[in-house]
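Respectively, the protein sequence lines represent chains P and G. The opening position of the first sequence corresponds to residue 545 in the working numbering, with each subsequent residue numbered one higher. The opening position of the second sequence corresponds to residue 44 in the working numbering, with each subsequent residue numbered one higher. Just below is one structure, and these are the notes that go with it.
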Amino acid sequence: MLKMAVLGDKETSLLFLSMGLDVLICSRPQEGGSMLQEAFRKDYGIIFVAESIAQECMDVIEGLSEKKTFPIITIIPDFTQRFPRVAEARLRSLIRRAIGMELSD
Amino acid sequence: MPQIVQVSPTRMELLKHKQRLKMAHRAHDLLEDKRDELMQRFFPLLKEVGRLRKEMREKLNQAYADLGISKSLTSEAEVEESMMWPTVRSGLDISGYTMMKAPQFKLIMEGDLFCYGLYGSNWKLDFTLRSFPGILRPLVELAQREEDLNRLAREVERTRRRVNALEHILIPRIQDIVKYITMKLEERERAHIINLMKIKEITGRS
Chain P
545 MLKMAVLGDK ETSLLFLSMG LDVLICSRPQ EGGSMLQEAF RKDYGIIFVA
595 ESIAQECMDV IEGLSEKKTF PIITIIPDFT QRFPRVAEAR LRSLIRRAIG
645 MELSD
Chain G
44 MPQIVQVSPT RMELLKHKQR LKMAHRAHDL LEDKRDELMQ RFFPLLKEVG
94 RLRKEMREKL NQAYADLGIS KSLTSEAEVE ESMMWPTVRS GLDISGYTMM
144 KAPQFKLIME GDLFCYGLYG SNWKLDFTLR SFPGILRPLV ELAQREEDLN
194 RLAREVERTR RRVNALEHIL IPRIQDIVKY ITMKLEERER AHIINLMKIK
244 EITGRS
């Protein structure tokens, strides 16, 4: 059985901790990249990354998900909701790369 | 753009390059079909991911709001204490792989969601915990769909580059080579005819 992990601030993590997921609490978003790299070496199926952390380490996320197929990284909304639309921006850049143009919603 | 052609202008080379040109055209057609098919699969998946993400954002925001309210009903420390030691274990089983080799997961939740006693908890916390399976399932679904979309996008990009490389670089280059050899051969033939004519003229005179 593969496990799941959440990388986020304390409030976001608390919700997922009680769902039975592994929790990696990251109090400073700058440390998110190194924590994510460390989590990548473990045997996780999916790593959920909070938006506030993902905002700071987008390059690490892209690099890791291109290099290895497992685990899958998914960006989830934050408890604070201060950085909305990080995941949507990632999706948009993906579309631009794939079809060579922007798509309106 | 004219290019330096380094081939010996023989009939053998001409035949070889004509064959290569035919093959390149065929590969181009096939890859173009592949690109079109991938695109046709890309857009419905994109729409689904957009819908799932919107749905998940709403559900998660609702859960965060519920948690906030339950914290305000008792104290924050008490709520944190109640949720700190979960009795439920969540995990994933790989049930298969999609067309793009992205894994498909099956969510497993074992144990009891309610990991606290009556003391120090409140009704809103129960309410939040009860909504968890309804959050985690779409989240896992979203993760695997997004991964599928990611892989599909990478494949579309790769195929598009291949089609463009064939169309704008390889095929024109082979066409240039074929043209060069044909012209050289014609030139040689003309020179040969003139030589023959000259020989005939000389032999006719004597």
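Where a beta carbon is used, it is the ideal one built from N, C-alpha and C, also for glycine.
The continuous beta strand (DSSP E) containing F592 (chain P) extends over residues Y588 to A594.
Of all alpha-carbon atoms in P:G552, P:L558 and P:D553, the one lying nearest the alpha-carbon of F175 (chain G) is that of P:L558.
Taking the Cα positions, Q574 (chain P) is about 13 Å away from I605 (chain P).
Annotation note: the segment 118–160 of chain G contains the following uninterrupted beta strand (DSSP E) runs of length 3 or greater, listed N- to C-terminal: 132–140 and 146–153. With respect to R194 (chain G), A120 (chain G) sits apart: the two C-beta atoms are not nearer than 8 Å. For S133 (chain G), the neighbours in chain P by C-beta distance under 7 Å run, in chain order, M548, M563, G564 and L565.
Annotation: G576 (chain P) to I597 (chain P) spans about 6 Å, alpha carbon to alpha carbon.
With respect to the C-alpha of C601 (chain P), the residue from P:L635, P:S578 and P:E632 having the closest C-alpha is P:S578.
Sequence-distant Cβ neighbours of R84 (chain G) in its own chain, meaning closer than 7 Å and more than five residues away, are L195.
Under the 8 Å criterion on CB atoms, G552 (chain P) is classed as non-interfacial with respect to chain G. Chain P has a Cβ within less than 8 Å of the Cβ of D136 (chain G). DSSP places M548 (chain P) in the strand class (E or B) of the three-state scheme. Linking E75 (chain G) to K90 (chain G) through their CA atoms gives a straight-line distance of about 23 Å. Beta-bridge partners assigned by DSSP to L568 (chain P): P:L551. F623 (chain P) belongs to the set of residues whose beta carbon lies under 8 Å from a beta carbon in chain G. Contact annotation: in the segment 85–98 of chain G, residues whose CB is within less than 8 Å of a CB in chain P are F85, L89, V92, G93 and R96. Interface criterion met: the Cβ of A186 (chain G) is under 8 Å from a Cβ in chain P. One thing to note: I214 (chain G) has its Cβ within 8 Å of the Cβ of H68 (chain G).
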